[in-house]
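Trainee:
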Amino acid sequence: MLSTEEIVSHQPLSSHSSQVAIVGVGGAGNNLLSQAIDGGISPRNCVAVNTDRGQLSESRARNKVLLADSTETNSPLTRQRGGEGQLLAYRVSPFTRESDFTILLTGLGGATGTKAAPLIAQWHRDRVRPIVSVVALPFIHERERRFVALRGLKKMVEACDCTVIVDNSIEKPALLDSKRVADETAALAVRGLSEVVASSDQMISHQILNILSLGSVATVCIGPVESKERVQSAVSDALTTPSASLPLTKAKGAVLLFRGIEPLNNGQAAQAYEAISSLVGHDVDFVHVSTRCQARSSLSIFLSGYTYDMALGTVDDLIEDLYDMEYGLESKATRVGVRMPLYEMELA
Numbered sequence: 606m607l608s609t610e611e612i613v614s615h616q617p618l619s620s621h622s623s624q625v626a627i628v629g630v631g632g633a634g635n636n637l638l639s640q641a642i643d644g645g646i647s648p649r650n651c652v653a654v655n656t657d658r659g660q661l662s663e664s665r666a667r668n669k670v671l672l673a674d675s676t677e678t679n680s681p682l683t684r685q686r687g688g689e690g691q692l693l694a695y696r697v698s699p700f701t702r703e704s705d706f707t708i709l710l711t712g713l714g715g716a717t718g719t720k721a722a723p724l725i726a727q728w729h730r731d732r733v734r735p736i737v738s739v740v741a742l743p744f745i746h747e748r749e750r751r752f753v754a755l756r757g758l759k760k761m762v763e764a765c766d767c768t769v770i771v772d773n774s775i776e777k778p779a780l781l782d783s784k785r786v787a788d789e790t791a792a793l794a795v796r797g798l799s800e801v802v803a804s805s806d807q808m809i810s811h812q813i814l815n816i817l818s819l820g821s822v823a824t825v826c827i828g829p830v831e832s833k834e835r836v837q838s839a840v841s842d843a844l845t846t847p848s849a850s851l852p853l854t855k856a857k858g859a860v861l862l863f864r865g866i867e868p869l870n871n872g873q874a875a876q877a878y879e880a881i882s883s884l885v886g887h888d889v890d891f892v893h894v895s896t897r898c899q900a901r902s903s904l905s906i907f908l909s910g911y912t913y914d915m916a917l918g919t920v921d922d923l924i925e926d927l928y929d930m931e932y933g934l935e936s937k938a939t940r941v942g943v944r945m946p947l948y949e950m951e952l953a
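Printed below as a string of structure tokens:
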């Protein structure tokens, strides 16, 4: 267990802060971006990217990029610029080139987000610019879209420093009461992360990125805080509803972002860490940052250190669930012992 003195504790600083660009790609990415803006993010550094002019016009982002459809990506101009990746970067980079940190929002399973988001992410990473993506996976009953999304997820984790998964198929936090709780989860995660990075010292941003980068995949747990005296129980409650089905015991790091009228003190942060390490079952790298706001107190916990294989898991549960749904059968406890990751099965 870490002592209070060993816990990294920071309050947002006004000097030497990082510039953050937030990019929403595709229809789902645009919707998530608009929801994050509605939640308090400034639209000034937000970029909406889409092939659909109508959806793009409805975006609340200040900067908008209309992409050519897939039939135009093989044009001579595209080939001269070295392919789709460079063409997409050419269109998006004017709005992100001054940023120190990029957050990419997209939904996987469709055409634009699944195809364009990894290319845009890779361009930023090639220039040694930290990029964290928040991706939404389709519902389990969206069978074809979900298989496409799982393939796209592999490309995203390869292109980003860290990919935060928000899965529509699992239960979400009680803090969220809308029908599209996954959208709210993603929007709250982006808001919390962007607020902290934009208002904190660059050293703090680097520490957050280092913890997120302990693995290629992360999950986020969001919950309300009724009072600061109950931070420990709030953390425990939040950890019961992660945004993705990743095993708590495999987590290597935790980033706790608290929003409230008064910041957490070191004692309260120590209690939060004890709750996390107790549920995880071992010590983890930990940093916490508080942001002052007049709204209802809440916290976001990013658990990191996961790999793509952990996120993908095995395909036996998914295949049997889809089979049962196809033929109107009830899912059974017995599972077929197929231990083959999806991407290997496709290549077999």
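Throughout, this note's numbering is defined as the position within the sequence shown, counted from one, plus 605. Glycine residues also receive a C-beta, built at the ideal position from the N, C-alpha and C atoms. None of these values were measured; they are calculated from a predicted model.
(1) Pick out whichever of ASN871, ASP657, LEU692, VAL630 has its Cα sitting closest to the Cα of GLU834.
(2) Anyone know if the C-beta pair for ALA803 and GLN660 falls short of 9 Å?
(3) Does the Cβ of ILE866 have 16 or more other Cβ atoms within 10 Å, making it buried, or fewer, making it exposed?
(4) If you compare alpha carbons, which of ALA875, ALA673, THR719, LEU637 is closest to ILE664?
(5) For ILE816, which three-state DSSP category applies?
(6) Which value, in whole angstroms, describes the spacing of the CA atoms of MET915 and LEU851?
(7) Taking the alpha helix (DSSP H) that PRO829 falls in, what are its first and last residues?
(8) Could you tell me the alpha carbon to alpha carbon distance between GLN812 and VAL892, rounded to whole angstroms?
(9) So, for ARG796: in the same chain, excluding its five sequence neighbours on each side, which residues have a beta-carbon less than 8 Å away from its beta-carbon?
(10) Secondary structure at HIS893, three-state DSSP: helix, strand or coil?
(11) Hey, could you find the ends of the alpha helix (DSSP H) ASP643 is sitting in?
(12) Closest to ARG897 by CA distance: which of LEU862, ALA839, ARG667 is it?
(13) What are the boundary residues of the alpha helix (DSSP H) that includes ASN871?
(14) Roughly how many whole angstroms lie between the Cα atoms of ALA877 and SER838?
(15) Could you pull out every unbroken beta strand (DSSP E) segment of at least 3 residues lying fully inside the region 753-805, listed in chain order?
(16) By the 10 Å Cβ neighbour count, where 16 or more other Cβ atoms means buried, how is ALA900 classified, buried or exposed?
(17) Going by DSSP, what residue range makes up the alpha helix (DSSP H) through SER662?
(18) Can THR719 and THR707 be called in contact, C-beta distance under 9 Å?
(19) Between the beta-carbon of SER903 and the beta-carbon of LEU724, is there less than 9 Å?
(20) What residues in its chain sit with their C-beta under 6 Å from that of ALA694, if we drop five residues either side in the sequence?
(21) Quick one: Cα of ASP705 to Cα of ARG734, how far?
(22) Per DSSP, ARG864 is paired with what?
(23) In the DSSP assignment, what are the bridge partners of PHE706?
(24) Expressed to the nearest angstrom, what Euclidean distance is found between the alpha-carbon atoms of THR790 and ALA823?
Mentor: Taking the structure as given:
(1) Walking along the sequence shown from the start, residue 834 turns up at place 229. It is ASN871 whose Cα lies nearest to the Cα of GLU834.
(2) Residue numbering aside, residue 803 sits at position 198 when the sequence shown is read from its first letter. Residue numbering aside, residue 660 sits at position 55 when the sequence shown is read from its first letter. Their beta carbons are not under 9 Å apart, which means ALA803 does not touch GLN660 by this criterion.
(3) As a first step, residue 866 is located in the sequence shown; it is residue number 261 there, counting from the start. ILE866 comes out exposed.
(4) If you number the sequence shown from 1, residue 664 lands on position 59. It should be pointed out that residue 664 corresponds to Ser in this sequence rather than to Ile. Taking only the C-alpha atoms, the option nearest SER664 is LEU637.
(5) Translated into positions along the sequence shown, residue 816 becomes position 211. It is helical.
(6) By one-based count along the sequence shown, residue 915 stands at place 310. By one-based count along the sequence shown, residue 851 stands at place 246. Taking the straight line joining both Cα atoms gives about 7 Å.
(7) Stepping through the sequence shown from its first residue, residue 829 is reached at position 224. Element bounds for PRO829: not the alpha helix (DSSP H) but the beta strand (DSSP E), 822-829.
(8) The residue labelled residue 812 in the question sits at position 207 within the sequence shown. The residue labelled residue 892 in the question sits at position 287 within the sequence shown. Distance between the alpha carbons of GLN812 and VAL892 is about 8 Å.
(9) As a first step, residue 796 is located in the sequence shown; it is residue number 191 there, counting from the start. So the qualifying residues of the chain are ALA641, GLY644, GLY645, ILE646.
(10) One-based indexing of the sequence shown puts residue 893 at position 288. Three-state DSSP puts HIS893 in a strand.
(11) In the sequence shown, the residue the question calls residue 643 occupies position 38. Taken as a continuous stretch (DSSP letters only), the alpha helix (DSSP H) holding ASP643 covers 631-643.
(12) Counting from 1 along the sequence shown, the entry for residue 897 is found at position 292. Of the listed residues, the one whose Cα sits closest to ARG897 is LEU862.
(13) Counted from its first residue, the sequence shown places residue 871 at position 266. It spans 871-885 - the alpha helix (DSSP H) in which ASN871 sits, taken as one unbroken run.
(14) By 1-based counting over the sequence shown, the position of residue 877 is 272. By 1-based counting over the sequence shown, the position of residue 838 is 233. One C-alpha to the other measures close to 8 Å.
(15) 767-772
(16) The residue labelled residue 900 in the question sits at position 295 within the sequence shown. When all chains shown are included, ALA900 counts as exposed.
(17) Start at 1 with the first residue of the sequence shown, and residue 662 comes out as number 57. Counting along the chain, the alpha helix (DSSP H) containing SER662 begins and ends at 658-663.
(18) Your numbering for residue 719 matches position 114 in the sequence shown. Your numbering for residue 707 matches position 102 in the sequence shown. When the beta-carbon positions are compared, THR719 and THR707 stay at least 9 Å from each other.
(19) One-based indexing of the sequence shown puts residue 903 at position 298. One-based indexing of the sequence shown puts residue 724 at position 119. In this structure, SER903 lies away from LEU724, with their beta-carbon atoms at least 9 Å apart.
(20) Start at 1 with the first residue of the sequence shown, and residue 694 comes out as number 89. Within the same chain, ALA694 has close Cβ partners TRP728.
(21) The residue you call residue 705 lines up with position 100 of the sequence shown. The residue you call residue 734 lines up with position 129 of the sequence shown. Whole-angstrom Cα-Cα distance: 6 Å.
(22) In the sequence shown, the residue the question calls residue 864 occupies position 259. Looking at the DSSP assignment, ARG864 forms a beta bridge with THR896, SER903.
(23) As a position in the sequence shown, residue 706 is number 101, starting the count at 1. For PHE706, which the question treats as bridged, DSSP gives the partners VAL625.
(24) The residue labelled residue 790 in the question sits at position 185 within the sequence shown. The residue labelled residue 823 in the question sits at position 218 within the sequence shown. Rounded to whole angstroms, THR790 to ALA823 spans 14 Å at the Cα level.
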